[in-house]
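In what follows, a structure is listed as structure tokens, so that the remarks can point back to it.
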Amino acid sequence: MLLNRKYIPVLVTFGLFLAMFAAGSFRYTGFFSSQVLLNLFIDNAFLIITAVGMTFVIVSGGIDLSVGSVIALTTMVSAALVQQQGWPPSVVIPLVLIMGAVFGSIMGAIIHYFNIQPFIVTLAGMFLARGLCYVISINTITIDNAFYTSAAQTKISLPGGSYISVSVVIALAVVLFAIYMAHYTRTGRNVYAIGGSEQSAVLMGLPVARTKILVYTFSGFCSALAGVVFTFYMLSGYGLHAVGLELDTIAAVVIGGTLLTGGVGYIAGTVIGVLIQGVIQTIISFEGTLSSWWTKIVIGLLLFVFILLQRVLSERRLT
Amino acid sequence: MSNRKPVLEMKGITKSFPGVKALTDVRFRLFPGEVHALMGENGAGKSTLIKVLTGVYSIDSGTISLDGREVAISGPLEAQKAGISTVYQEVNLCPNLTVAENIYIGREPRRLGRIIWKQMNKDAEALLKERLNLQIDVTLPLSHYPVAIQQLVAIARALSISAKVLILDEPTSSLDRNEVQQLFSIMRKLKSEGLAILFVTHFLDQVYEMSDRLTVLRSGEYIGEYMAAELPRFELVLKMIGKELNLLEELPALSEETKEASGSVMISSEGLGRKGAIEPLDLQIRKGEVLGLAGLLGSGRTETARLFFGADRADKGRLVVADTGQGVSSPRSAISQGIAFCSENRKSEGIIDDLTIRENIILALQASRGWFRPISRRRQDEIADEYMRLLNINPKNPEHIIKNLSGGNQQKVLLARWLLTQPKLLILDEPTRGIDIGAKAEIQKLVLSLSRQGMAVLFISSEIEEVIRVSDRIAVLRDRVKVKELGREQMNQHDIMQAMAGG
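Protein sequences, first through last, are from chains A and B.
Using our numbering, read the first sequence as starting at 1 and increasing by one per residue.
Using our numbering, read the second sequence as starting at 1001 and increasing by one per residue.
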């Protein structure tokens, strides 16, 4: 019973997702299909990838505000190198992934060694990465490279006539890897330990510095990977891509049951958190007449509810 | 026992911090299969010594040997690897992880890099059962269990790292009686298995119940190593406090005239207590009376004061201010009912470093008036002048920045701040600690003259002579229990020390 309590936020989130999907299915014809469900993954693959990295950061007790800007920078660098310089994607994609990881590791090192709040360091990273986009170009750079267009258009057929995109495969691979890392590797458990009590982790002799830097490195890598996927999705590089995405990501992670105070959270919950945002958008598009800003309103309300739920649950745990 | 070789030996340990010598040429040794208590009052250097052992601090000079080999301990991880594990009063584990993880994290059983949870849980269960007689669900998060169990889990972690030396730093402070006994039986078992245990506690009963050997530190210096069975409690206390028996002459009371403590009751507590702070106690303070609270560090002196001021919430009994018939629920309500509290932490809870003497003095008065009714600058100057003269604060310039003042003068500024609010009850927690003799005498005199004007004073001090000198009545605390109350004529150092030491 008590063991189950830590799953309550995740279960509530999952139940909510099912309820929303069911409600949509009853209300709109054509809603209840596997393709609508799969489209949630297709449209939000980049958000899932970003949110997985963010989950580790938040579990470790930190925050990463730079993810949206890193995505934009990745699209921009990719587009500039592929389109304007004519570099092959086989070089560009590994390069941008390394760039994202290095960017994250620098922020992690600053956070740890100078003992500065993650909020302010990653805020600086956010401005820096966003600003660098405009150094490359202030305009959209459209990509018509064959590899990118085929990655964008390839449909992987599933039994039953539905399909998924390459991005979904990448996102699911990231999710599986992250679940394994979180629960079955020492590094993953160290992240949870640091989030539970950093001071204790130090006294228990855990490699706190290495783990914290790794967490931000992984988040930077995930953002860059999400940027690559986003490039497949948008087929362009632009400095205004993914504006405010860091907040959508944090919302997804929190709705997925991860405590902002650190130490508690599940990758699976985060995925459901992303899907909930997706299902709200889908409902609104099926409704047809509602403004898409209703997504924000519902997400806002959900966040309130979930933060309160977490507070109630964590307080009961103390008594 | 002495022909065996010590598992741990520290020699000539010296450690300085900027401006302070925390440890001077300290020795310490620990034999396998013994419980060795490290004793000393506040500032004796106990925690510094432990932090040296656990690798949190590096030493300036001296040697540390384990099993006869000299070692350098550069950090918590190295200390653990060398076989020195520490269990702190505040459990330093991760509450969000399971019991099993807390024992094994960093050393989880793995196959090809993959953590084998099943084996980890099984190992944890077996370890807890065999070494600590504890059968609990190791897959639950640590936060699910009470502190006593969490401490045992911390000990289990230490044992699983194959510790040779186990340091228990104030492990019993937040445990109740049964939990303490459970811990003790485990300590005895581990001792019989050959583990060397360094035990730090300020409960004398527990020291004598558990320890084979004692080392006493005082002001960062090594006083001596004794067998517990051969050192009476009373002498231990003398060594900790730093008095020789023959020096304990009766000091004359500061004032010849004996006051009559005939004022009406100002404040009284009935069964007032708080778990882990002070056992329920009855205490009355009359108007115009100085009540001294004597007791060793950790006996519950400060905790009692904090309950009287509403700084901590009592969970048992009640406190009644006679004039208003009300209790004290918060510092605000205490202040509004005329209670003032001079904390023992002058630096952190008292003075505001970068403000002037004048600004520090008027702070409490301004707060009680509310910030929308500022005190005029002229009035401020008058007040500052008056109190600086009254308390003889140096330097005479009220615009002096307070952090540059000596400790004694800072203390007087704090006193001025509270006197200005014209309290009916003044609580002084260690008002003379770390200040010179002259200033001490002035503060003692002031306390007496205030009480003659009808103010009730609760006076807390580690210095027994001082308590005797200013108090009309003394309550003695030991291990968080009020053990004795002495009137003016019954006071002598010997009896008070005896009561503080107990046994």
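The C-beta atom is built at its ideal place from N, Cα and C for all residues, glycine as well.
It should be emphasised that the depicted structure is a prediction, and the values quoted were computed from it without experimental measurement.
**OP:** Quick one: give me the first and last residue of the alpha helix (DSSP H) that B:D1495 is part of.
**Re:** Q1493 to A1501
Original post:
Closer than 8 Å, CB to CB, is B:N1133 near chain A or not?
Top reply: no
Subject >> Buried or exposed (CB count within 10 angstroms, at least 16 for buried), B:E1466 >> reply: buried
Original post:
Looking only at its own chain, which residues have a Cβ that is under 7 Å from the Cβ of A:L235, when we skip the five neighbours before and after it?
Top reply: Closer than 7 Å at the Cβ level, and outside the excluded window around A:L235, lie T142, I143, Y148, T149 and A152.
Subject >> Reference A:G61, options A:C133, A:V191 and A:L301, closest by Cα >> reply: A:V191
Original post:
Where are the beta strand (DSSP E) runs, 3 residues long or more, that stay fully inside the stretch 1068 to 1113 of chain B, in chain order?
Top reply: 1069 to 1071 and 1084 to 1087
Original post:
With 16 other CB atoms within 10 Å as the buried threshold, where does A:D64 fall?
Top reply: Looking at its Cβ environment, which holds 16 or more other Cβ atoms inside 10 Å, A:D64 is buried.
Subject >> is_contact[B:P1076, chain A] using C-beta, thresh 8 Å >> reply: Closer than 8 Å to some Cβ of chain A, the Cβ of B:P1076 qualifies, so yes.
**OP:** For B:G1350, go through chain A and note every residue whose CB falls closer than 9 Å to its CB, in chain order.
**Re:** Neighbours of B:G1350 on chain A: none; closest Cβ ~27 Å, over 9 Å.
Original post:
Are the CB atoms of A:S197 and B:C1094 nearer to each other than 8 Å?
Top reply: yes
Original post:
Whole alpha helix (DSSP H) runs in the stretch 1419 to 1471 of chain B with 4 or more residues, listed along the chain?
Top reply: 1437 to 1452 and 1464 to 1470
**OP:** Could you list which residues in chain B have their beta carbon closer than 7 Å to that of A:Y184, in chain order?
**Re:** R1114 and I1115
Original post:
Under a three-way DSSP split, which group does B:I1197 fall into?
Top reply: strand
**OP:** Could you tell me whether any non-hydrogen atom of the ligand NAP is closer than 7 Å to the CB of A:V102?
**Re:** As presented, the structure is devoid of all ligands, the ligand NAP included, so that no description of it is given.
Original post:
Around the C-beta of B:E1108, are 16 or more other C-beta atoms found within 10 angstroms, so that it is buried, or is it exposed?
Top reply: Classification of B:E1108: buried, given that the 10 Å Cβ count is 16 or more.
Original post:
Does the beta carbon of B:P1171 come closer than 8 Å to any beta carbon on chain A?
Top reply: no
Subject >> is_contact[A:V169, chain B] using C-beta, thresh 8 Å >> reply: no
**OP:** Take B:E1244 and list the residues in its own chain whose beta-carbon comes closer than 6 Å to its own, dropping the five residues that flank it on each side.
**Re:** Unreliable placement is indicated for B:E1244, whose pLDDT of 49 sits below 50; no coordinate value is reported for it.
**OP:** Any chance you could list the alpha helix (DSSP H) runs of at least 4 consecutive residues sitting entirely within the stretch 1270 to 1326 of chain B, in chain order?
**Re:** 1301 to 1309
Original post:
Among the residues of its own chain, which have a CB less than 6 Å from the CB of A:A201, if the five just before and after it don't count?
Top reply: A193, I194 and V208
**OP:** Starting from B:I1474, follow the beta strand (DSSP E) in both directions and report where the run begins and ends.
**Re:** R1473 to R1478
**OP:** From the DSSP output, read off the bridge partner residues of B:H1506.
**Re:** Given that chain B is displayed from residue 1001 to residue 1503, the structure contains no residue 1506 of chain B and the question cannot be resolved.
Subject >> Partner residues on chain B for A:V10, Cβ-Cβ distance less than 7 Å >> reply: For A:V10, there are no C-beta contacts with chain B under 7 Å, since the nearest C-beta of that chain is about 15 Å from it.
Original post:
DSSP on B:P1331, reduced to helix/strand/coil?
Top reply: helix
Original post:
First and last residue of the alpha helix (DSSP H) that includes B:E1130?
Top reply: W1117 to L1132
**OP:** Could you name the residues of the same chain whose beta carbon sits closer than 7 Å to that of B:K1046, not counting the 5 residues immediately before and after it, in chain order?
**Re:** L1038, G1040, V1200 and L1217
**OP:** Could you confirm whether any beta carbon from chain A is found closer than 8 Å to the beta carbon of B:Q1151?
**Re:** no
Original post:
So what does DSSP say about A:T50, is it helix, strand or coil?
Top reply: helix
**OP:** To the nearest angstrom, report how far apart B:L965 and A:I120 are at their CA atoms.
**Re:** Because chain B in this structure spans residues 1001 to 1503, residue 965 of chain B falls outside the shown range and cannot be described.
Original post:
Should B:E1489 go down as buried or exposed, given a rule of 16 or more other Cβ atoms within 10 Å for buried?
Top reply: exposed
Original post:
Closest to B:I1383 by CA distance: which of B:G1454, B:N1397 and B:L1428 is it?
Top reply: B:N1397
Original post:
Using a Cβ cut-off of 7 Å, which residues of the stretch 1093 to 1127 of chain B contact any Cβ in chain A, in chain order?
Top reply: L1093, C1094, P1095, N1096, L1097, E1101, I1105, G1106, E1108, G1113, R1114 and I1115
Subject >> Of the listed residues B:L1486, B:G1408, B:R1306 and B:V1470, nearest to B:V1328 (C-alpha basis) >> reply: B:R1306
Original post:
Smallest Cα separation from B:K1118: which of B:E1130, B:G1106 and B:T1139?
Top reply: B:T1139
Original post:
Under the three-state reduction of DSSP, which class applies to A:F114: helix, strand or coil?
Top reply: coil
Original post:
Which chain B residues sit within Cβ distance under 7 Å of A:Y408?
Top reply: Look at the range of chain A in this structure, 1 to 319, and you will see that residue 408 of chain A is not part of it.
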